[in-house]
Every structure is written in C-alpha cells, then in structure tokens.
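Here's the structure we're looking at; comments come further down.
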Amino acid sequence: MKRRVILGLWAFLFLVWDGPVLAHDTDLYVLDQSMEQVPPDILIVLDLSGSMRWTPAGEYMYIPDGTSCTRSDDCPSSTPFYSTSGTGHTKQCQIDIDSSREYPTNAIPKWSNSQCTGPFYKTYSATDSARNTDCSRLAIAKRALKKILDANEDGSVTDPADQDALNIRIGYMRFYACGSDSGTDYSSGCNTLRKVIDTPYSQIWSSINGENAYGGTHLANAAKEAKLYLDAHKSNDNAKECRKKFVILVTDGQDTLSCSGTGSDWQGDQYKRRRETIARVKALSEAGYMTFVVGFGADMPYFLKNTLNWAAYYGGVDNPGVANGGNVNGYPIPYGLFPSGITSCQSSTRTCYLYKDLIKNPPVKTSCSAGSTGCYCFATSNDPGEAPLSGYAFLAESAQQLDEALEAIRDYIIAILAKSSSYVAPVVPISQMVQTHSESRIYLGMFKPTATSFWKGNIKKFGIAETPSEGIKVGDIIDVEGKLVIDAQNRIRDDSRSFWSSGVDGGEVLIGGVGEILQNRDFSANPRKIYTYLGTNTNLADSVNTFSLSNGNITPTLLGLAAGDTAERDKIINFIHGYDAYDENKNGITNEKRVSSLEDGRTGHAILGAIIHSRPHVIAYKNLNRAVIYVGANDGMLHAFDDDTGEELWAFIPPVLLPDLKKFRDELSLQIFVDGSPQSLVQRDSYGTVISAVLIFGLRRGGNRYIALDVTNPLTPRFLWEISPSVSGFGELGQTWSTPKISKIRYGAGEKWVVIVGAGYDENEDNVPITASDTKGRGIYVIDALTGGLIWKYTYAENSEMSYAIPSDVARVDTDGDGYTDRLYVGDLGGRIWRFDIKDSDPANWTGKKIFQTTGKIFYPPEVTLEKDQGNYEMLYFGTGDRENPKDTTFINKLYAVKDQNLSTVLTESDLLDVTTNVLQDPNGTAAQKNAVRTLLKERKGWYITLNQNVGEKCLAAAVAFAPRKRAVPRMPPRSVRPAR
Numbered sequence: 002m003k004r005r006v007i008l009g010l011w012a013f014l015f016l017v018w019d020g021p022v023l024a025h026d027t028d029l030y031v032l033d034q035s036m037e038q039v040p041p042d043i044l045i046v047l048d049l050s051g052s053m054r055w056t057p058a059g060e061y062m063y064i065p066d067g068t069s070c071t072r073s074d075d076c077p078s079s080t081p082f083y084s085t086s087g088t089g090h091t092k093q094c095q096i097d098i099d100s101s102r103e104y105p106t107n108a109i110p111k112w113s114n115s116q117c118t119g120p121f122y123k124t125y126s127a128t129d130s131a132r133n134t135d136c137s138r139l140a141i142a143k144r145a146l147k148k149i150l151d152a153n154e155d156g157s158v159t160d161p162a163d164q165d166a167l168n169i170r171i172g173y174m175r176f177y178a179c180g181s182d183s184g185t186d187y188s189s190g191c192n193t194l195r196k197v198i199d200t201p202y203s204q205i206w207s208s209i210n211g212e213n214a215y216g217g218t219h220l221a222n223a224a225k226e227a228k229l230y231l232d233a234h235k236s237n238d239n240a241k242e243c244r245k246k247f248v249i250l251v252t253d254g255q256d257t258l259s260c261s262g263t264g265s266d267w268q269g270d271q272y273k274r275r276r277e278t279i280a281r282v283k284a285l286s287e288a289g290y291m292t293f294v295v296g297f298g299a300d301m302p303y304f305l306k307n308t309l310n311w312a313a314y315y316g317g318v319d320n321p322g323v324a325n326g327g328n329v330n331g332y333p334i335p336y337g338l339f340p341s342g343i344t345s346c347q348s349s350t351r352t353c354y355l356y357k358d359l360i361k362n363p364p365v366k367t368s369c370s371a372g373s374t375g376c377y378c379f380a381t382s383n384d385p386g387e388a389p390l391s392g393y394a395f396l397a398e399s400a401q402q403l404d405e406a407l408e409a410i411r412d413y414i415i416a417i418l419a420k421s422s423s424y425v426a427p428v429v430p431i432s433q434m435v436q437t438h439s440e441s442r443i444y445l446g447m448f449k450p451t452a453t454s455f456w457k458g459n460i461k462k463f464g465i466a467e468t469p470s471e472g473i474k475v476g477d478i479i480d481v482e483g484k485l486v487i488d489a490q491n492r493i494r495d496d497s498r499s500f501w502s503s504g505v506d507g508g509e510v511l512i513g514g515v516g517e518i519l520q521n522r523d524f525s526a527n528p529r530k531i532y533t534y535l536g537t538n539t540n541l542a543d544s545v546n547t548f549s550l551s552n553g554n555i556t557p558t559l560l561g562l563a564a565g566d567t568a569e570r571d572k573i574i575n576f577i578h579g580y581d582a583y584d585e586n587k588n589g590i591t592n593e594k595r596v597s598s599l600e601d602g603r604t605g606h607a608i609l610g611a612i613i614h615s616r617p618h619v620i621a622y623k624n625l626n627r628a629v630i631y632v633g634a635n636d637g638m639l640h641a642f643d644d645d646t647g648e649e650l651w652a653f654i655p656p657v658l659l660p661d662l663k664k665f666r667d668e669l670s671l672q673i674f675v676d677g678s679p680q681s682l683v684q685r686d687s688y689g690t691v692i693s694a695v696l697i698f699g700l701r702r703g704g705n706r707y708i709a710l711d712v713t714n715p716l717t718p719r720f721l722w723e724i725s726p727s728v729s730g731f732g733e734l735g736q737t738w739s740t741p742k743i744s745k746i747r748y749g750a751g752e753k754w755v756v757i758v759g760a761g762y763d764e765n766e767d768n769v770p771i772t773a774s775d776t777k778g779r780g781i782y783v784i785d786a787l788t789g790g791l792i793w794k795y796t797y798a799e800n801s802e803m804s805y806a807i808p809s810d811v812a813r814v815d816t817d818g819d820g821y822t823d824r825l826y827v828g829d830l831g832g833r834i835w836r837f838d839i840k841d842s843d844p845a846n847w848t849g850k851k852i853f854q855t856t857g858k859i860f861y862p863p864e865v866t867l868e869k870d871q872g873n874y875e876m877l878y879f880g881t882g883d884r885e886n887p888k889d890t891t892f893i894n895k896l897y898a899v900k901d902q903n904l905s906t907v908l909t910e911s912d913l914l915d916v917t918t919n920v921l922q923d924p925n926g927t928a929a930q931k932n933a934v935r936t937l938l939k940e941r942k943g944w945y946i947t948l949n950q951n952v953g954e955k956c957l958a959a960a961v962a963f964a965p966r967k968r969a970v971p972r973m974p975p976r977s978v979r980p981a982r
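The opening position of the sequence shown corresponds to residue 2 in my numbering, with each subsequent residue numbered one higher.
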C-alpha cells in the first residue's frame, strides 16, 4: 500500500506582488517561517438509508433455540438477539424494518452494552447496562464521527478548540429517504449538502447527531453530487491550488437507485450500479479529491466488498492496515464516463444466482431467474463485484472497527499532508552498448523545500518490469522486491522500497535512496572524496584539488572570507562534507552529521542537496562492470554515485562556486549551485569498452560556466575544460541553462564531435515587468566537445535582431539521414524561432536566420518532424510560457505548429490557422466544415491553439510529436493569494 507521491511537481506557495519583482520557477516551492499551513478540506458523505437502523450484524440475527418467531417484529421484547450463531442461539431470525414509517420501530433489536458486543434487545432500559446503548449502525457511526470531531478529546465538540486541534476544514453531506434516481442538485432532494466545508465543528456534530435513517441507497449519485459541490467550492477557494480536498464516504450497502434503479436489491441489472458507483468515485479522484470508502456491516457479501474496494482503489486511496490483495488490472473500468455514448449504465449479458447461497462461506452459485425475489445478477464480464480486490476500502464489522477505520483515515490524511511531494523528471538510462534497448531501471531526482538556504535532495532507483506478472505489465515501474510502485493516480506507494534503501521508503525524499547511503557512511573509515580544481593539476583526485581541512590550498580568501578566517573556512568545509557545522539542531555539537526530523517522528538524511533541474545521467562502464550516475545538486557539487551500491564515488565543486559556499550560512533563501543536467560523449571499442568519456554540464541559475570532465576512469576524474564569458568568443554567455547537445558534424576533410548550446539566460528576464533589454544570452554556440574551443557562434554581434536571451536547448536535425547534424532550430525569449544551416564542412559558410515571430517566451526547443504533404519541409511544434514566472495569469500563451519551407520572409501568427476551436474532431461538425479546415491547413503556413481554457496556462515543457497527433504539455499557474505550505 500505500500512500503515494504524485509523479510531477506540486505547488507549495502562491504569492501576489505589486510592481517590479524577481521571479523564479522555484517560487512555487519557497517556504517562509511566517507562513501558515493551509488546512485541507474533508467532505463527509453519510449513508442514511434504512438499513443503517440495523445493527452491524445486518438483516439476519440469531435468537435462542426454541424461540417460535422467525421475524423480529413477532418476537417478544425480552428476546435476546445475537450477531452470530452460537451455543444455545442457532436459530436465524430476519430483522424487520417498517418500510411505511420513517423512524425505527420496536421491531429492530438495537439496544446493547456500551461496546455493542451483544446480545441485542428491542427495548431500551436505563437501568440495565446490557441494553442501555443504541447500537444501530447509524448510532455507532454518529459516535465514531463525534470522536473525530472531538479532536482535543475533552468529551465534547466545541469551537474553535477542536478545529484548531485538528486543523482540518470539514463539511457534511448525506443521502436520506431516497426513492428514485437523481443527482443534479446537492442543495435539495435526497442527496443533500447539510453543512458546507469550514462549518464550525459543533454545528456539523449537531446536524449529524440529529439524523435518522430511511430510504434506499444512492451511493453513485451521492458521489456525483459530492463532486458537483466540491467543484463549486473549489472555484471560490483562494487557496485552491495548494489545498488538498478529500471525501470520506460511509455506507453500509450497495447502490440500488442509480442507472434508473427501482431501489430493489433484486434488480436483474444490479451490475450497472456497481459500475456506476466506481465510475463516480473515480471521477472524484480524477478531479483531485481523494475518496476514502468506509463499508460498515458484518453482513457484507463478497461482491459488495469487492465493489467498495474497487471504489477506494479508483478513489486514489488504500487501507494502511490491510494487505492489498487481488489484481488491480482486474477491473479497468471499461464502462466509464467516456467515450461519448458509452456509460457504466449500459446493459451486459448476465448470470443470476440465489442470494441466500451467495452469502454462504464459501459462496454457492445456484442459478435463478432474473428479477425474482432473492435472485442476484452479475454481468458475465467487467463486473467489479466478481473481480476480487482487498486492502483498499476500510471495512468495519463492529463499533470498534468503525472507530479504528475513521481514526486511520484521519491519520492517513495527516500523513499525506506531511509527505514529500517534489521531484524532477525521471530518467531512464539508454544503454551505451545497445542503443535501441532501455535498461530496466529508472531514477528519480528529488528535492524537499525548506525554510532555509539548504534544500535537501535524493535520488531513488526503481526497476522497469521486463516480464508480466500478477498485477504488473511490461514497462511498469517496480521496486526492489518486484512490487508495483506507481498506482493509477501516478503516485508512489508508501509501501514501496527503492533500490539501495534499507527499508520501505515510498516517495519520502529524506528516507532511502542515495541520501540514506551517504548518511550512513562512516566518514572516519571512509571519508568523502570531494574535489575542486585549483588550476595546476587536472587530476582531480590529486591532493592539491581535495576539498578538505588538510588541504592548505583551500584558503579563506578562496572561499570568499577574510584572510586568516580559518575558523569559518573550516566550518564551510565541514558543512559541505555533511557535518552540522553551524549547529542547526542547537545541541552544541558541531562535529556530528546533519540529520532531518520528519513530521511523523522518523529521522531522515540531510546531507545531499536538492536536485531540482539536474537530471541524473548514467554511463555504463562495461570494462569495469559498473555504471555511474552523474548529477548536479544544490549543495555546491556535481556528484558521482555507483549505480550498484548507491555509494557516492566522489563529488566536484566547480571553482567558480567556491566563494558562494558561505551563503549556506549567510542566506535564508534557497541557494542554487550545480543545477544543470550533465551530458556525455562516450566512445567505445568494438568490445564495448569505454576508451573515452567526457562529461559536460552547465550550472543553470548557479552561474555562467560550462565545464567538461574526463570521466574515462570514473574513479579518477580529470578536469578537461571550462568556458565562461571571460573566454574569447564567449562574451555573450549568460546563465548556462541550455542542456549541452552533443552532435557529430562534417568538419574540414573529416568530422568533429561538438557541443551545441543556447547562449544562456539573462537575469534581466526575472524582472516583472521587464524594463530593459537583454544584454546576455543572445545567441547560440557550437563548441569542440574535446577541447572547449569555439567552432562557431551566432549572436547579437553577428545579427542585431538576435536581441533576446536563448536559455532553451537547441533542436538538432539530420535532414538527409547521413548521421551528421546539418540544421538547428531554437526559440528565444522574444517569441522568435531561429534556423541555422550547418551542413557545410566549413563553419564560415554556416548561416542563421529568423523564420517565425510571435509574442511570449520560448523556453523549450521545438519538436521537428519531416512532412511530405506539399513537398518535403519541416514542421516545428513549440509553445510559449514564462517558466520563471509560473504564477502569471495575465499573458495568453499559445501552442504553435509552423512549417519551415525555407522562405525568404519571416512568418507571423497571421500566416497560421487558428485551430483553438477543434472543428476536425467536433462530432457535431459537418463534412463541409471539416473539409474547409483541411484545405486551410494545406494553404496556411501552420496552425496555433490559444491556451485560454484556464487562466494563465503556459507551455512548461517541450512539445512531443506522435504520428498522427502532436502534443505539448501546457500548465496552469496557481491563482491563490494565500500562502501555502
């Protein structure tokens, strides 16, 4: 099981400013000690159908042998009723409910002791402790919910003490007296919102405490109307982008009214209502509302338990106290809310069996006629009631178990709020030996925001299933034990255990992974190997380059300190090595390792810095029988980790960053250091042995350098080259955001391996609004991969129209398929797309030109495809969006597809077709309308889609083209003005 972390980045903070400000994409994660936590919302949905008047035992109980009655209404008032058959009480008796009256009658034996353990009686006695407590399901549910609302455990529900203690906003909805299929208005009818979210707890308790039970079970439409309410509530929530919302659905039965149901248990199409229940809960989850399902009653047949477990599974939760069972692929919701015209209410072929035999243990399937009393029907396929699943719903058979279930859900939600939730894109390493085969492992670089300058990070390794097994398909992500890691909600399960980890670590950043290995390392017996480069010996492992207390070359002035400040110099070195040099835990000990304290009381690691934008890069060394993971982190270092053990082999501090390491002491905000993604040029012999390996990386917001290391021997790295604005020809270089793209080009009489990058990011673009022109980053560079020498540049100096910074990666195209890059495309922060032709073997003959002009910022390279519908040409797919100002809601961005037909003029948006309204896929569009659009698509120079479906949408990822569809990844910004943690 269990709780999971979403594969993606969640927003942690939303702020609004007046006037010019600086904007970063990490603004979404910045925490401040003054910020209050945004409490989550819970909507309780309570089943008040007539069967909630029964005890947990349900419709049948047992009475003393020899008692003449067979229905409870006919039994004497003194008759004891038992939940199960036992010595002296083996006779089964049906419990009556007077369907003609709204309130419970004396036909129901519901009175027992305070623990509701039985026996049960039809009459109450204030003086008899064996029958002084109402033990109907409803009464038990009321008491259990009161315990949750009484958060400070003083015996009463009071305001604001209990809400302050729990810090959760609660609302209350119930279904009562339902007799027909409805579900369009949560303010009236049998499915009714009784108390809005954030109602004082005392008022919620008063409403729940006054409830009675009557009518049919309307689960599916209750879920539907819960979603209607939550959607409406969310639209008016100032903190909606960071507030989590949950649903707790408490029920004792199966839906009998949706899909035009009659309310009878014996409907021949009851399978429809099972499907509909699950589909509606799934819709809640897909809207972002995790839904907990509580099934209450000891008489639940297997098919109802299966249904509730499927609802919980698709609701995005599971039960931490019960092991998962069954195949999660057993019911894939073939009849959901889509596609159009297909619903969960559609009819299927069926088989029917006597209910009284189905509830036996084990069930016996005796055929019967559909629609007859006591006959229960199933779909012959795709029936969730017949698809075994367990461990997801919270099933309670007694008062004690219901208490435990609701308390477990409360604790579950609290734990969710304390979970880590951020990590960079996963990396699947491509084998250097077999270019077409992906290794069966995946790496997640992670970070956890804090209110300090040092955000903590980690890398976790998982496997990729190569063969199918129960519940696992080829390609699924699996943990070290072969269990499924990611659920249908794309979250890491809490019970997963990543490689290298000593125990279950799930998605928690500060538990497991390489961070745990580093934390547990014996620094005395096995000290870390941290290097820098001081300009004299390129062997980084040489003593002159070690970043250690014993290296006198690491002087205070080198670290930006006053000459002679050796005490502070030693603190910086110790801090970088992982010691609590600044006594963060205030225990007076500064020579111990730093550790983290998790919200749940566990101790986590705290040495490895945040991995925010740097994607782990893996090189396989067949000759050394090892693979090495290289990654940048915001602890000031590029790290090398052994793929097999997770052990850090060494770390490297770029020399330009040495004076900035003191900022961990001086600054309160996140410090950025080695934040770029490394890439490599690896050459191998015919046996796959590495004969040369060059690792190249930028610093991104950490600085304006590209650095190359020789990692042919991963244990003894060597410094190879560095470029900066002070190097001749690179004066335009800004912050090195562009990931190095390593390509082979024709050069002179032969060929050359080169690095192609955009000239970088100009911090001027951080200003909101921008009041000056860019002065850095305006261009691209082609660099010799082995020497760092400049091969060619196209910058503002070559073309004054190139007036905006280019932080984007550069798209490379081999137009003739000869294995050499001969064309480049890139966008800039002024909304222009540039084309560069580099096919000629003499760089002096290379050319560049602007081919498209729009507005907005282009941070990602275009996706390029070859089209042949009107002669050969390239189609470029890209979008606009200011990733460094993700909270902006004013600029309207667009997704573009532009034809490059090598024209002499610059295309603009007016040359493209607006396809924001999707006529071609509109089922109501006429053939004439669609043919007209197809004609225009051929005539125009491309198309665009306006991203205005949600305020502030922007493209914050590169487009990806799939034949015949093209797809980009737009994102909506937060619109809250309330800070959230």
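All C-beta atoms, glycine included, are put in the ideal place defined by N, C-alpha and C.
- Using a Cβ distance threshold of 9 angstroms, Y580 and E593 count as a contacting pair.
- Cβ neighbours of N624 within its own chain (closer than 7 angstroms, five residues either side excluded): T690 and V691.
- With contacts defined as CB atoms closer than 9 angstroms, S382 and C376 fail to qualify as a contacting pair.
- Bridge partners of R72 according to DSSP: Q95.
- The beta carbon of I834 lies closer than 6 angstroms to those of G828, I852 and F853 in the same chain, with the five residues before and after it left out.
- DSSP places V675 outside both helix and strand once states are collapsed to three, so it counts as coil.
- Counting every other CB atom within 10 Å of its CB across the protein chains shown gives E864 a total of 16 or more, marking it as buried.
- Remark: three or more beta-carbon pairs, one from each stretch, lie closer than 8 angstroms, so the stretch 700-713 and the stretch 750-768 are flagged as touching.
- For the stretch 916-966, the continuous beta strand (DSSP E) assignments of 3+ residues that do not extend past its boundaries occur at 943-947, in sequence order.
- Within the same chain, and ignoring the five residues on either side of K235 in sequence, the residues whose Cβ sits closer than 6 angstroms to its Cβ are K241.
- In this structure, R747 lies away from I724, with their beta-carbon atoms at least 9 angstroms apart.
- Per DSSP, W206 is one residue of the alpha helix (DSSP H) stretching across Y202 to N210.
- For E649, the uninterrupted beta strand (DSSP E) segment begins and ends at E649 to F653.
- Relative to the Cα of G872, the nearest Cα in the group E940, A929, A812 and K895 belongs to E940.
- Remark: C-beta atoms of L220 and D270 do not approach each other more closely than 9 angstroms.
- Beta bridge pairing from DSSP links R144 with no other residue.
- Closest in alpha carbon position to E287, among K246, D571 and S78, is K246.
- If one requires a minimum length of 3 residues, the beta strand (DSSP E) runs lying completely within the stretch 357-391 are 376-380, in chain order.
- Between the stretch 786-805 and the stretch 816-823, the count of C-beta pairs closer than 8 angstroms stays below three; the two stretches do not touch.
- Closest option to R779, judged by alpha-carbon separation, among E799, A786 and I771: E799.
- Under DSSP, the beta-bridge partners assigned to F448 are G458.
- Within the stretch 730-779, no complete alpha helix (DSSP H) segment of 4 residues or longer occurs.
- Spanning the alpha carbons of Y861 and P718 requires a straight line of approximately 31 angstroms.
- For the pair I149 and L44, the CB atoms are not nearer than the 9 angstroms cut-off.
- Non-local C-beta neighbours of H614 in its own chain, meaning closer than 6 angstroms and more than five positions away in sequence, comprise D676 and R701, ordered along the chain.
- In terms of Cβ geometry, D42 and I169 form a close pair [threshold 9 angstroms].
- Annotation for W722: no alpha helix (DSSP H) segment contains it, though the beta strand (DSSP E) segment containing it runs R719 to I724.
- The alpha carbon of G831 has as its nearest neighbour, out of E802, R411, S181 and K840, the alpha carbon of E802.
- Excluding sequence positions up to five before and after T816, its CB lies within less than 6 angstroms of the CB of D823 and R824, all in the same chain and listed in chain order.
- The Cβ atoms of R54 and K147 do not sit closer than 9 angstroms to each other.
- Membership of N705 in any beta strand (DSSP E) is not indicated, and neither H nor E is assigned to it by DSSP.
- Put simply, of R442, E471 and P450 the residue whose alpha carbon is nearest the alpha carbon of I465 is R442.
- Between K900 and M876 a beta carbon distance of about 6 angstroms is seen, short of the 8 angstroms cut, so the two are scored as contacting.
- With respect to the C-alpha of G317, the residue from V282, N325 and V323 having the closest C-alpha is V282.
- Less than 9 angstroms divides the Cβ of A313 from the Cβ of F293.
- Look at Y688 here: in three-state DSSP terms it is coil, with no helix or strand label.
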